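So the protein lines, in turn, are chains U and S.
Position 320 (the first sequence) corresponds to 319 in numbering that gives the first Met the number 0; numbering is contiguous.
Position 292 (the second sequence) corresponds to 291 in numbering that gives the first Met the number 0; numbering is contiguous.
A virtual CB, placed ideally from N, CA and C, is assigned to each residue, including glycine.
Bear in mind that the values here come from a model prediction, so they are computed numbers and not experimental data.
Note sheet for the following structure.
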Amino acid sequence: MLQYDSEASQKDTALVSMFNDKIPQGTHLLELCEHPEDNHVSQLRRRTQQSYVIQESPENEFYKKILTYAVHVNKANGKKFKNSRIISAFYLSDTCKFSSVSVIDHLSTSAAAQHIVKSYVDVFVGNYIVIDFELYDLWLNGLPAHECAVTLQQRGVLQSTGARFDELLSDTKDSFRLYASLEQLLKCPTKFGNQSVYQIDPETQKTLIDKYYKSDDVVIRELLGRKLSTRNRNNLDDVSEKTKVPLRSCCRQFDNVKRVFKTVEEMPGSLEKNIKTLFCLSSDKLAKKYAAIVFMTNHRFETTKKRLSHLTFDDFMYCAELMITNWSYSAAECDNHEDMDVDLDRSFLQDLRELKILTDKQHLDEHKMYVMNSLKTSLIKKKHSSLEDNYKATSKTIISLAYGLNHSKEVRNFFSDVIEEVIEPFMNTGWTYEDMKTFLQMYKDAVNILTFIY
Amino acid sequence: MPGTLKVKVVSARGLPVMDRSTDLTDAFVEIKLGPEGQKTDVCKKSLNPQWNSEWFKFEVEDEVLQDEPLELRVLDHDTYSAHDAIGKVYIDLNPLLVKESPSIISGWFPLYDTMHGIRGDLNVIVKIDLFSDFNKFRQSSCGIQFFCTPEVPAGYRLQYVHGFVEELVVNDDPEYQWIDKIRTPRSSNEARQRLFSKMSGQLARKIGLKVLEMGGGAVIGYQQCFDLEGESGIVIRGIGTAVTLVRLRDAQASPLGMSPLKDSPLQEENHVPSPPPSKKERSTTSPMKVAGPTNRRSSDSDTSTTSKGILICADEVCWIIGNSVGESSGSGNGSVSKNCPRMCSQQVNIELMEFPLFTMTTFPPGFITHLGGVVAARSVKLLDKIHNPEEPETRDAWWNEIRTELRSHTRAMGCHAVIGYSEQTSICDEIILLSATGTAAKVNLNLDQNQSARQAPSLPTGAGDKNTFLIDRDQNKKLFVDVNLANQVSQKLGHGGSTDDVSPRVNCGLCHIPYKPASSPFPINLTQCSSCKKRFVPDVLFTTINPPAEIRTIGRGAFIQARVCRPKGDGKADANAKEISDILPFLEYELHNQLINKLKVRSMNGLFKLQMQFVVGEKMLVAVATATGAFLAPLPSPPVPRLLGQIPSEEENVALQELQLKIREQLQQYKDLYQLNTIDFANQTCQSSVHTDDSDDDTSDLDFSTGNKDTFVLEVDDTRDSSVKAMLSDIPQPAGMQVCNTSTMPGIPASCLVANMQMFTQVFRRQLDSSQQGLPKDFSEIFDSVYRRLYFKLRRMIPCLLCGLSFSVGAPEEDEIEIAVTGMCVAIEDNNSHNSSLTETPMTGASSKSLLKPASSSVVGASGENIDDMMFTMEEVMEGSAASANKGFKLRKENVKMKTSQVFSHQVINSIEITPMTYVPGSRIERYIGSYNFFFIRETSSLKEVGGVCGFMQKFITEVLAIVRAHVSSLGGNALVAYNMTQCVLLNNEHKNQSQCLINVCGDAVSATKDGEVIALVPEVPQPHYRKHSDSPSSYVT
């Protein structure tokens, strides 16, 4: 729908005279503007948010006609052009005709918009809910009904059925309305179990939920560690721009994450299981994903730093999963299972404090000896010696990282600290993933051999 | 029969948040029956409150039980201010009052609020204890069963037909009372809903009384209509056919009258029901299942001791012999009637019934002896001229007038009964248009099977087109008197007549004119019956009934619709009424003309289930006629339409010829489509002996006419004539999709209808260009849009049959047209296609294999594919509807598991089916539980927020269906048959952001089980599985 601000366009009244009195009242616009190009329509749609001024250029010819006609209708109605809003255009059929123009005095945009919709009822209701998942996907992507229909048309839906664009659009709108009302249930999928309004078979239901909670990794990557505040939600346009995912879809994913987070945040028991049952997710993968997201969000891990920008969501998810299984209350070693998965196990963190003993000169040397000895065979000489030189600093960094986990502020910066203080120095000396892995393994194993003197 | 009503409120779930501060609700329930009310405790701070209350008891007269619905209202307790309403549940108690029905209603009912829609569910249990009361002067009519189903319900046998019953109740419309100015929209709506419900209860009770008086025990084909007259009040009208039914022992009585299995005789309860209310029909708790014709004899072994019973039984046996030997007459009939002095309700003589009106549309074989044609009467009245608007007298008089007129038409056609009768009104301001339609026919109330079984040459002959008038032949009369002496009614359900084979029970007599050919008052083409070559038949036959099994049809049926829209002036009162009545005949003529044209171009000669609707709008008159066309074998082949016109110029001539060519092409296309190609050929050759064929058409397969004189000539004044265009411009249905408005499609055997896929409701409203030239074009475009949308929406269901299609047209505003379509999409399986040699058409090519691969795999619907996955997760759904956790549940589950191995399973009965048909394909109706009828009102003052008027309507219809399903399941049923949306009134004020909608729905709740037997006819299906599905496994016989 094109919203036209009349004030801005008054200068174009000259144009109006062109058409004045030539158009009999009641003439449909589609007779006025023969076959506009396809893209006009989308342009029109994109203009909906702002008013704009007509310029003398060929492609604006079409808009001019709409305006002119609107003005004409206005005059015919004996009303002043001033202070009126022109609402126009109905995208009617595949030949892109516009069928209706109205001029409304002093009405708010929405009310005016409704005027145009007036008396158009077109609904189809079945006893069973049948979902066209092709359409559903488009809806989830946040496409408006028009664009969606256009997309489907391009995919050749109409060719196979011989229907017109009109029907496709009507079907699309109809389905979108249904999805919108189903969204209430989708937001809290357990409600599907005891609702009687929609007769949906379990299979469809499952697919509906899974698809609704499906997320784009790129979008989630952007949301990771962010505070799920309304302010951040309003800034999703950046995310959308960056990821090329439609804004509506971003918003849905944001809302999903937020909802899942809010629901399970305070809940005891396994994070993944909670998510799976409360949101009726059928795939473990999806539940795992959300568990990781909730975990990351809860600790507000900093992930937006430039240093971390090369990391994908999968990387973070891998880490988060390990953290949940090893460090949180559901970890195997943890004997206090009453608290939540979302938090790191307090006693585990307490234990980490004791690692400080490794920074004592005596233990450090002994630890170093063990580690260096065992690495002799697996590391090339150059790397070995560089490690030997930096061992003290390296070990200290690692210990302090672990120690720091007791402070939430340092937890937040965990990833960037690890990258900055551990990974990058090693990378600079040409260490590979394998090298690193063996080193850390040794580093860990050596501790067990050590005898500690307090 | 006063009774004690017991109500237990168990719990609620999914309540809305009523208290913003706690985000919770303090709910309690008010239980009301009539003026009396009780309430539960408050369940604090819960959205899923558990009351588990004690039994609330109401001791009331049965009159109250019949009239008043039980009202449960959930409120949010508020200490300081008024309690806030959450929602209401209305429960109709009538199903509990019928002996055979369940004694308990229990389940989750959606809490419905007229302003907010469904808000949570309430779990309630309702019971009734009835005491017997033989007071002669009682006002109640408990025990009378009401069936919306316009035929003999499955599992019953029609014993007596008592005739037409009607009643009319008038009341003030609460919306027009002064108090409405000060009360909230909610209380106004609720007052209205309550009133509607009460009136409908009263109406049924009064009709029930009439039925009792007549000696009947049930009403079938019950139709109820609300006339919202506005200032002058609300009128509720009910019409139906009073009958006495006997429940069949045999549970095998499949709803479809066409299953070949049903050729086996059915067992009946062999006793005569004494007149109600003491009528005791032995309800069969565990229906005996008979597997095949080997069990014939069991019918006498079951004979009860009454002499009458034996006689019926004897007659039954006699018939069997008669049928197999070939010649036998029902000689015992006369004595039967004399032998039963106990019977208070004897079959009334047809003559005494004085042109009875029957509201049924499907009749037991043998019931109809001749079909005359469609009769209709219309009348325009002024509502503001009613002297005494509160009293029903004036309206009664109006309707009587119309019915009398209809009866006189019937007599003029030489018929003595009207079948497929229905009444309709259209109101616009103070104008009311009343119409009554039916099919004039000669019927045989005694339903002698022997008569119908044979093609008795002694049957009277005749034929009648619409508007034909004649007097009975003496001979005919005599015959009927003879037959009427007999008083035995028996029914034969089975019929294999829908296939192309000539079944022995096919009877061309139905098509014969019921009057003397010579005394036809106006020229009508009579030809010799092509089946018996003895009697005369008309060239076309219009009826308002479903295709009777006796009439042999060829090819497939076609959906035919004629529509006319005419502008009219906006005169006031008298002048307006006069104008309307002046236009009406022209509308009717044009409608008829269109129907004929469309019929001819499809090479057909019969119309079934003709439904005509006349609507008065502020500035226009609309008439729509919907029917299913078919080629009736006894009637002559329709001639090729030929154009004739004054040709002033060469140019015109060319155009005319092009048009003629187009018609010819269309004709051929239709012939392919409806499979009329070869059959007509055969037909023609057998006719050639009678007629001299001197057709001048060069292509022989195009040649339809049997002679020049029969050519159907269309006069064209102008090559752009709209009438010709209309004939050719119907939106073609997509390949693989069949459309009809009857309950079964002529030419598609019942065994091909596999499963219900989707019941749909489509509401469409558009503005019309009200200018003189634009109107007809716009008007037909609107209808085209409706079809296109429908076809597009259901494209994934192909191959399918859209049946029971019903159109309801309205003119809500000056320049607006509203169309509401309901129908059923049934999966078909073309096992017929390889039998018939000619499968050129794309639709017959849609073999059963493609059935398994619907167009796009991306659709997974409740009705779609992926059945296998559905099987295992089914339980979830069952949990959702707690009420279905009855004993039938396990059974069904078992059913489903078995079906995993089955290929042809479209849908598992795990959900509540709603269908406008009288049967559930692939299932068998075990039991009728009660008819449901409710008036819903929904209003919103935040239209924008609910997604505009479309969103509002979509939500509302969804909710209505949900509530209907909940009620069916609470009664222990799993389907609602004969569903009908009798009213859908949408009032819209978008400037005020408001909208109000009224919907009235009705139907019969039934319990159906998957019918293995019918499916077993499909060759690929392993049979033995289905044996286990029977309700009582011990009693079946293989």
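is_contact[residue i, chain U] using C-beta, thresh 9 angstroms
i	result
K898(S)	For K898(S), the pLDDT reaches just 34, beneath the cut-off of 50, and the residue's location in the model is therefore unreliable, leaving the point undetermined.
W107(S)	yes
Y1038(S)	The requested residue 1038(S) does not occur in the structure, where chain S is confined to residues 0 to 1037.
T1038(S)	The structure shown does not extend to residue 1038(S), since chain S is modelled only from 0 to 1037, so the question has no answer here.
Q995(S)	no
C949(S)	yes
A965(S)	yes
G220(S)	no
S434(S)	no
Host alpha helix (DSSP H) of residue i (start-end)
i	result
S169(U)	164-185
L997(S)	Unbroken run through L997(S) is the beta strand (DSSP E), 993-1009; no alpha helix (DSSP H).
I128(U)	Segment: none, I128(U) is in no alpha helix (DSSP H) and carries neither H nor E.
D428(S)	That residue, D428(S), is in no alpha helix (DSSP H); it is neither H nor E in DSSP.
M371(U)	360-374
F191(U)	Run containing F191(U): none; DSSP gives neither H nor E here.
F425(U)	423-427
K571(S)	Taken as a continuous stretch (DSSP letters only), K571(S) belongs to no alpha helix (DSSP H), as it is neither H nor E.
Cutoff 9 angstroms: residue i Cβ touching any chain S Cβ
i	result
F278(U)	no
E146(U)	no
S282(U)	no
D200(U)	yes
H34(U)	Because the pLDDT at H34(U) is just 32, under 50, the model does not fix this residue reliably, and the point stays unresolved.
N193(U)	yes
Proximal chain U residues relative to residue i, where beta-carbon distance stays under 7 angstroms
i	result
V762(S)	V120, V122
N758(S)	This sequence places Met at residue 758(S); Asn is not what is there. The answer, in chain order, is G125, N126.
K954(S)	S180
Coil, strand or helix - residue i by DSSP
i	result
R193(S)	helix
A148(U)	helix
R551(S)	coil
P391(S)	coil
S421(S)	strand
H386(S)	coil
N740(S)	coil
C42(S)	strand
Q732(S)	coil
Q176(S)	coil
Near the ligand ADP: residue i beta-carbon under 8 angstroms from a heavy atom
i	result
A144(U)	Here there are no bound small molecules, and the ligand ADP is not part of this structure.
Proximal residues of chain S, C-beta to C-beta of residue i below 8 angstroms
i	result
V196(U)	P109, I117, T957, E958, A961
H142(U)	It should be pointed out that residue 142(U) corresponds to Leu in this sequence rather than to His. Within 8 angstroms Cβ-Cβ: nothing; L142(U) doesn't reach chain S, min ~16 angstroms.
Residue i: first and last residue of the uninterrupted beta strand (DSSP E) it sits in
i	result
R118(S)	116-129
L307(U)	That residue, L307(U), is in no beta strand (DSSP E); it is neither H nor E in DSSP.
Neighbouring residues, chain U, relative to residue i (Cβ below 8 angstroms)
i	result
E817(S)	V120
Within chain U, the residues that residue i reaches when beta carbons sit closer than 9 angstroms
i	result
L985(S)	V120
D120(S)	N193, Q194, S195
Exercise. The stretch 144-175 of chain U: which residues have C-beta closer than 8 angstroms to a C-beta of chain S, in chain order?
Worked result: S159, T160, G161, A162, R163, D165, E166, L167, S169, D170, K172, D173
Exercise. Given a limit of 8 angstroms on CB to CB distance, which residues of the stretch 214-227 of chain U reach chain S?
Worked result: none
Exercise. What residues in the stretch 386-408 of chain U have a beta carbon less than 9 angstroms from any beta carbon of chain S?
Worked result: none
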